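Accompanying notes for the structure given below.
Written out as structure tokens, the structure is:
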């Protein structure tokens with residue numbers, strides 16, 4: 057490091073004020089500044105200022121005098137070293153603290169790209185390094201020189217958590233107070249489900265730098281995973297006491313409410329949506345007026361086509377809708393153990409001049425759930441009822457278990473879901489029977505949390521009393537979300553379903569097979585933590601070997617919601 061080490065070098069081609077500072081002659085310094093105020097920033101041939109010399113002498117009182125007299129704390133030497141660099145070189149901890157308090161930049165780089173923190177670390181200047189770490193965010197601006205850190209982060213990103221843990225453990229043994237290493241180690245331990253070690257890592261960071269809100273948030277998350285809800289609430293409240301941007305504050309407040317829900321014996325949450333609908337094919341009418349059918353023979357007459365009436369063709373309608381969802385939980389036994397839950401959902405729409413296609417949906421579910429570290433299991437018994445046109449259509453009762461496991465610190469989740477239920481149709485008794493499905497979905501969230509992708513695959517079987525309604529289907533879906541400017545979330549979903557029926561309908565020209573493609577795009581925006589708005593467009597294209605079931609449909613909705 058090419059910093060001057062002797063006062064002789066420091067004062068080369070110096071001004072009288074440099075000599076006065078070197079001699080620590082306060083009276084002479086005051087006399088010079090009284091007659092020549094600009095001398096406070098005079099530079100030697102190497103660029104050293106009186107402030108540089110005072111820092112090199114570790115003379116705090118002289119530094120205070122010069123700073124109060126207008127010394128430029130950012131003025132650098134010819135090699136790019138500021139007074140804070142010099143404090144780092146000479147391990148002048150108190151003076152570094154003083155310069156930082158007066159606004160000295162901690163991210164400034166000398167000609168060779170060295171920051172004050174890097175210089176302090178290279179010189180083993182522990183007092184200055186501690187001052188930089190405790191009072192600033194400079195640690196986040198520093199690259200970690202050891203290649204093992206980047207290797208460990210790459211391993212964690214790829215899912216090789218054991219390699220990441222091994223490398224970070226080695227780095228931590230050599231530098232146990234390094235915030236960056238501790239943070240990466242804590243995140244890796246979270247992904248491994250080792251919550252006690254994760255807590256220790258984040259706690260070490262906070263011992264060095266209590267103002268590190270990100271570490272405090274991750275500590276709260278590790279405490280929640282360990283069911284230390286009171287400690288987690290305390291840390292979240294401390295973060296909220298700091299100056300946060302509106303989006304971060306809203307997210308922390310939302311998480312705090314969740315944590316308070318975990319720690320309560322009972323909790324209740326819900327959401328209300330109201331909005332408008334524009335449906336291009338409310339009656340799901342086929343896209344052709346002439347339908348090919350299996351030939352119907354009357355003596356010498358054979359009929360192989362049907363002409364549909366206007367009432368059967370696609371009908372457009374606009375209307376309104378409203379929905380309500382409620383969810384309540386209660387501890388069963390010890391806090392943090394099994395939860396009993398109950399869910400209620402209701403949906404109803406009204407359509408202009410199309411009352412017979414209006415729909416009401418009611419659903420109630422109750423069961424038990426439990427979190428196991430990074431996993432969650434939920435086992436509900438569910439009852440659903442659908443009305444169309446004011447008449448009962450179907451009742452459904454069954455179970456719908458869900459198992460979810462988090463990976464990579466919560467950025468990747470795998471969800472397995474299943475449904476087994478009995479369906480009882482009020483009019484079409486031939487459609488009564490058992491329905492079963494099983495699906496697997498994976499969701500990946502970007503490191504910055506602003507984007508996510510979800511992919512899923514599901515298989516289902518509807519075992520009805522009549523073979524013409526019995527089917528097997530396979531469906532896949534792909535969805536994505538992206539946070540865009542103004543706090544909006546742009547989202548989209550593409551799904552495709554292939555359905556094969558067990559028996560041919562009498563009029564169908566061949567065994568029925570349907571294919572459906574659905575595209576959804578939308579934009580949502582939250583206003584604070586409880587209110588929001590959403591607008592989306594959905595396009596459905598269904599093709600079938602029986603043209604009666606071939607149609608196009610476009611639905612646009614715009615709604616507002618309130619969550620509590």
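In our numbering, the protein residues as written are 57 to 620.
The beta carbon of each residue, even a glycine, is placed where N, CA and C say it ideally should be.
As the structure is a prediction and not an experimental result, all values here were calculated from the model.
query                                                                                                                                                                    : result
Over what stretch of residues does the beta strand (DSSP E) that includes residue 352 continue unbroken?                                                                 : 346-354
As a quick exercise: from 474, 464, 145, pick the residue whose alpha carbon is nearest that of residue 32.                                                              : Lying before the first or after the last residue shown, residue 32 is absent from the chain, which here runs from 57 to 620.
On the criterion of 16 or more Cβ atoms from any shown chain inside 10 Å, does residue 180 qualify as buried, or is it exposed?                                          : exposed
In the DSSP assignment, what residue or residues form a beta bridge with residue 544?                                                                                    : 540, 581
Per DSSP, what kind of secondary structure is residue 496 in: helix, strand or coil?                                                                                     : strand
Out of curiosity, what's the CA-to-CA distance linking residue 309 and residue 296?                                                                                      : 8 Å
Locate the beta strand (DSSP E) running through residue 137, then write down its first and last residues.                                                                : Premise fails: residue 137 is in no beta strand (DSSP E) and is neither H nor E.
If I'm right that residue 548 touches residue 532 with Cβ under 8 Å, what's the distance once you round it to whole angstroms?                                           : About 15 Å separates the two Cβ atoms, so there is no contact after all.
Is residue 463 helix, strand or coil when you go by DSSP?                                                                                                                : strand
So, for residue 143: in the same chain, excluding its five sequence neighbours on each side, which residues have a beta-carbon less than 7 Å away from its beta-carbon?  : 111, 151, 152, 155, 184
Can you tell me where the alpha helix (DSSP H) with residue 277 in it begins and where it stops?                                                                         : 269-281
Roughly how far, in whole angstroms, is the beta-carbon of residue 375 from the beta-carbon of residue 337, given that I think they are within contact range, below 8 Å? : Contact doesn't hold; Cβ gap of about 14 Å is too wide.
Around the C-beta of residue 271, are 16 or more other C-beta atoms found within 10 angstroms, so that it is buried, or is it exposed?                                   : buried
Which residues mark the beginning and the end of the alpha helix (DSSP H) in which residue 594 is found?                                                                 : It is not in any alpha helix (DSSP H) - residue 594 instead sits in the beta strand (DSSP E) that spans 587-600.
Going by DSSP, what residues sit across from residue 531 in a beta bridge?                                                                                               : 514, 553
Take residue 498 and list the residues in its own chain whose beta-carbon comes closer than 6 Å to its own, dropping the five residues that flank it on each side.       : 470, 511
Output the boundary residues of the alpha helix (DSSP H) element that contains residue 83.                                                                               : 82-91
Taking the C-alpha atoms as reference points, what is the distance between residue 109 and residue 276?                                                                  : 45 Å
Could you have a look at residue 376 and say whether DSSP puts it in helix, strand or coil?                                                                              : strand
Pop quiz: residue 589 and residue 601 are said to be a contact at Cβ under 8 Å. What is the actual Cβ separation, rounded to whole angstroms?                            : Rounded, the Cβ-Cβ distance is 41 Å, inconsistent with contact.
Please return the same chain residues whose Cβ sits closer than 8 Å to the Cβ of residue 502, not counting the five positions on each side in sequence.                  : 467, 508
Where does the unbroken alpha helix (DSSP H) through residue 239 begin, and where does it stop?                                                                          : 235-248
Is the beta carbon of residue 39 sitting closer than 9 Å to the one on residue 226?                                                                                      : A query on residue 39 cannot be resolved here, the shown segment of the chain reaching from 57 to 620 and no further.
So, with DSSP's three-state summary, where would you put residue 214?                                                                                                    : helix
Do residue 586 and residue 620 have their beta-carbon atoms positioned less than 9 Å apart in this structure?                                                            : yes
In whole angstroms, give me the CA-to-CA distance for residue 125 and residue 299.                                                                                       : 32 Å
Along the chain, where does the beta strand (DSSP E) containing residue 288 start, and where does it finish?                                                             : Note, residue 288: premise wrong, no beta strand (DSSP E); alpha helix (DSSP H) at 285-296.
Exposed or buried, which one is residue 353 when buried takes at least 16 other CB atoms within 10 Å?                                                                    : exposed
Nearest to residue 617 by CA position, among 91, 591, 604, 610, is which residue?                                                                                        : 591
So if DSSP puts residue 574 in a beta bridge, which residue, or which two residues, is it bridged to?                                                                    : 551, 596
Taking DSSP's pairing of strands, which residues face residue 437 in a bridge?                                                                                           : 422, 455
Are at least three pairs of beta-carbons, each pair with one atom in the region 372-387 and one in the region 322-332, less than 8 Å apart?                              : yes
Less than 9 Å between the beta carbons of residue 483 and residue 456, yes or no?                                                                                        : no
Among 235, 424, 83, 584, whose alpha-carbon lies nearest the alpha-carbon of residue 398?                                                                                : 424
Locate the beta strand (DSSP E) running through residue 332, then write down its first and last residues.                                                                : 322-335
Among 401, 88, 175, which residue has its Cα nearest to the Cα of residue 145?                                                                                           : 175
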